[in-house]
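Chemist: Just so you know, we're using this note's numbering here: the sequence shown kicks off at 10 and counts up by one. All residues carry an ideal CB built from backbone N, CA and C; glycine is no exception. What follows is a single structure, and I will ask about it in a moment.
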Amino acid sequence: MRMPETRGKLTEKRPLNDLTWLRVGGPADWLFQPADIDDLAQFLAALDRDVAVFPMGVGSNLIVRDGGLRAVVIRLGRGFNSISIEGNRVVAGAAALDAHVARKAAAAGLDLTFLRTIPGAIGGAVRMNAGCYGTYTADRLVSARAVTREGAVVTLSAADLNYRYRQSDLPEGWVIVEATFEAPEGEPEALEARMAEQLRKRDETQPTKERSAGSTFRNPAGFSSTGREDDVHDLKAWKVIDEAGMRGARRGGAQMSEMHSNFLINTGDASAADLEGLGEEVRKRVFQNSGIELHWEIMRVGETAP
């Protein structure tokens with residue numbers, strides 16, 4: 010298939026394993042890294058409508074299956090990672106890391122500390138309503154800019170995205186390129202101290218040195234429309250996994266972490282099939298043991314290997 014002309018980088022049959030935190034995944038039909046918003050918009054406008062488009066961030070909450078993706082994967086880079094402060098508003102490109110946005114905001118006396126321990130980029134945070142410590146993207150987002158599948162540049166409000174727990178109504182194939190947040194004020198030193206404490210607690214309880222994709226399954230009950238109730242609900246995914254005897258369980262190179270049993274890790278040579286298969290085994294065992302159905306928090310995309 011003839012692809013549109015671009016100023017960015019367009020690569021055919023590009024393996025995706027090195028672009029995900031779990032280091033698994035077969036090739037995408039094409040990987041497109043646009044030079045800027047205009048390049049992205051022109052590419053999407055010219056791209057055959059029958060070709061699927063999959064926006065991909067830093068791959069921190071993603072399993073790409075071993076057979077790869079029959080799509081054009083769009084990955085934003087340097088032209089999309091700016092961070093600027095305008096009064097009590099923070100404007101961040103979709104490729105800006107959540108942690109970097111939190112730190113730059115804190116230095117300016119603005120509180121976006123909930124982003125500090127989220128292992129992703131702003132585009133993913135906007136799309137999935139990322140949150141931590143009782144605050145969610147929906148609570149701070151003023152607006153987001155996106156490029157539609159037809160190549161139009163549009164501005165969306167939080168209401169347009171219809172946020173729920175880890176979900177939004179962003180149409181398929183649309184690419185978030187920038188977000189504007191409104192943040193409460195705070196003393197920079199106090200905000201830095203809060204973030205340092207958050208990091209300390211995370212590192213004490215989660216396998217941050219391992220290849221993981223964060224929490225594997227949603228907590229099984231207590232969701233409110235924004236997700237707040239889930240943060241404090243007594244029924245946790247790790248607890249029902251433990252009760253089903255699956256802490257430390259293995260399949261091939263995949264393991265449920267001994268440190269935190271709701272973290273699925275690649276011990277070194279796991280395939281996507283190992284990881285997803287172990288996750289499904291955990292779901293099965295939990296349901297057999299407690300009647301509770303766990304739901305994946307990690308996104309799984311693509312085709313299984315032949």
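According to the Cβ coordinates, are residue 186 and residue 151 closer than 9 Å?
Modeler: As a working note, residue 186 is residue 177 in the sequence shown. As a working note, residue 151 is residue 142 in the sequence shown. Taking 9 Å as the Cβ cut-off, residue 186 and residue 151 do not qualify as a contacting pair.
Chemist: Pull up the CB-CB distance for residue 75 and residue 276, whole angstroms please, since I reckon it's below 8 Å.
Modeler: Counted from its first residue, the sequence shown places residue 75 at position 66. Counted from its first residue, the sequence shown places residue 276 at position 267. With a Cβ gap of about 17 Å, residue 75 and residue 276 do not count as contacting.
Chemist: Going by other Cβ atoms of all chains shown within 10 Å of its Cβ, with 16 needed for buried, is residue 35 buried or exposed?
Modeler: Position 26 of the sequence shown holds residue 35. It counts as buried.
Chemist: In three-state terms, what does DSSP make of residue 59?
Modeler: Walking along the sequence shown from the start, residue 59 turns up at place 50. In the structure shown, residue 59 sits in coil (DSSP, three-state: anything other than H, G, I, E or B).
Chemist: If distances are taken between C-alpha atoms only, which option among 117, 226, 220, 85 comes closest to residue 196?
Modeler: Reading the sequence shown from its first residue, position 187 is the one you call residue 196. The candidate whose alpha carbon is nearest that of residue 196 is 117.
Chemist: In whole angstroms, what separates the C-alpha of residue 282 from that of residue 263?
Modeler: As a first step, residue 282 must be located in the sequence shown, where it is residue number 273. As a first step, residue 263 must be located in the sequence shown, where it is residue number 254. So the alpha carbons of these two residues sit roughly 9 Å apart.
Chemist: Considering just the uninterrupted stretch of the beta strand (DSSP E) at residue 224, what are its terminal residues?
Modeler: Position 215 of the sequence shown holds residue 224. 220-224 is the span of the beta strand (DSSP E), which, as asked, contains residue 224.
Chemist: Grab me the residues of residue 79's own chain with a C-beta within less than 6 Å of its C-beta, minus the 5 sequence neighbours each way, in chain order.
Modeler: Within the sequence shown, the letter at position 70 stands for residue 79. Taken in chain order, the residues that qualify are 38.
Chemist: Beta-carbon separation of residue 67 and residue 133 under 9 Å?
Modeler: The sequence position of residue 67 within the sequence shown is 58, counting from 1. The sequence position of residue 133 within the sequence shown is 124, counting from 1. It is a contact, given that the beta carbons lie within the stated cut-off.
Chemist: Cutting at 6 Å between CB atoms, please list the residues of its own chain near residue 90, excluding the five before and the five after it.
Modeler: Counting from one through the sequence shown, the residue named residue 90 turns up at place 81. Cβ neighbours of residue 90 beyond the five flanking positions: 102, 104, 105.
Chemist: Counting only the same chain and skipping the five closest in sequence on each side, list residues whose C-beta sits under 7 Å from that of residue 301.
Modeler: On the sequence shown, position 292 is the one that residue 301 refers to. Correct list, in chain order: 229, 249, 295.
Chemist: Where do the ends of the alpha helix (DSSP H) carrying residue 250 lie?
Modeler: Residue mapping note: residue 250 aligns to position 241 of the sequence shown, counting from 1. Here the alpha helix (DSSP H) through residue 250 covers 246-252.
Chemist: If contact is defined by three or more beta carbon pairs under 8 Å, each pair taking one atom from either stretch, is the region 161-179 in contact with the region 203-215?
Modeler: Too few Cβ pairs lie closer than 8 Å, so no.
Chemist: Are residue 110 and residue 179 touching if we call contact CB-CB under 9 Å?
Modeler: The residue given as residue 110 occupies position 101 in the sequence shown. The residue given as residue 179 occupies position 170 in the sequence shown. It is not a contact, given that the beta carbons lie outside the stated cut-off.
Chemist: Alpha carbon to alpha carbon, how far is residue 177 from residue 168? Give it in angstroms, no decimals.
Modeler: Counting from one through the sequence shown, the residue named residue 168 turns up at place 159. Counting from one through the sequence shown, the residue named residue 177 turns up at place 168. Distance between the alpha carbons of residue 168 and residue 177 is about 10 Å.
Chemist: Is DSSP giving residue 289 helix, strand or coil here?
Modeler: Taking the first residue of the sequence shown as 1, we reach residue 289 at position 280. Reduced to three states, the DSSP call for residue 289 is helix.
Chemist: Would you give the residue range spanned by the alpha helix (DSSP H) that residue 208 belongs to?
Modeler: For the purposes of this step, residue 208 is taken as the residue at position 199 of the sequence shown. Element bounds for residue 208: 197-214.
Chemist: Round the Cβ separation of residue 227 and residue 306 to the nearest angstrom and send it over; I've been treating them as touching at under 8 Å.
Modeler: Along the sequence shown, one-based indexing puts residue 227 at 218. Along the sequence shown, one-based indexing puts residue 306 at 297. Contact flag correct, Cβ pair sits at about 5 Å.
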